[in-house]
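Enquirer: Position in the sequence shown (first residue = 1) + 526 = my numbering.
Quick reminder that beta carbons are idealized off the backbone N, C-alpha and C, glycines included.
Please find one structure pasted underneath; my questions will follow.
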Amino acid sequence: QVQLVESGGGLVQPGGSLRLSCAVSGSIFNIDTMGWYRQAPGKGRELVAIITSGRRTNYADTVKGRFTISRDNAKNTVYLQMNSLKPEDTAVYYCNAEKYAVLYWGQGTQVTVSS
């Protein structure tokens, strides 16, 4: 089993920044891709960014150039640096990890962008 715990969400003004963290514990050996997803009210869950064990990254078009995903394997943590935040970035952000084709999810952290 893999456990994921997100932190770092909150209320921020448009144009501001936040850094989300996802701490991974449990059976962490051989975790491959990790990612961040988000779900806005009344919408489905969508991909924000992913990073492979080789640190290749991929981003949704809506966040390219503003968000950066990174992972620190020594700390078993994946990060999402979010800059130039917009009201449409408001959502619950979820961390996930893939191991042997099984997806594990965290409980989510709320990000609200509002003046």
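Which parts of the stretch 530-591 are runs of the beta strand (DSSP E), unbroken and 3 residues or longer, counting only runs that do not cross its ends?
Expert: Counting whole runs of 3 or more residues, the stretch 530-591 contains the beta strand (DSSP E) stretches 536-538, 544-552, 560-565, 572-577, 583-585.
Enquirer: Does the Cβ of Tyr626 have 16 or more other Cβ atoms within 10 Å, making it buried, or fewer, making it exposed?
Expert: Within the sequence shown, numbered from 1, the residue matching residue 626 stands at position 100. Tyr626 should be labelled exposed.
Enquirer: Measuring CB to CB, does Val589 end up less than 8 Å from Val574?
Expert: Taking the sequence shown and counting its residues from 1, one reaches residue 589 at position 63. Taking the sequence shown and counting its residues from 1, one reaches residue 574 at position 48. Yes, they are a contact pair.
Enquirer: Would you mind reading off the limits of the beta strand (DSSP E) that contains Gln633?
Expert: Residue 633 sits at position 107 when you count from the first residue of the sequence shown. Careful: Gln633 lies outside any beta strand (DSSP E) and carries neither H nor E.
Enquirer: Looking at the secondary structure, which residues open and close the beta strand (DSSP E) in which Ala623 lies?
Expert: In the sequence shown, counting from the first residue as 1, residue 623 sits at position 97. Run containing Ala623: 617-625, per the beta strand (DSSP E) assignment.
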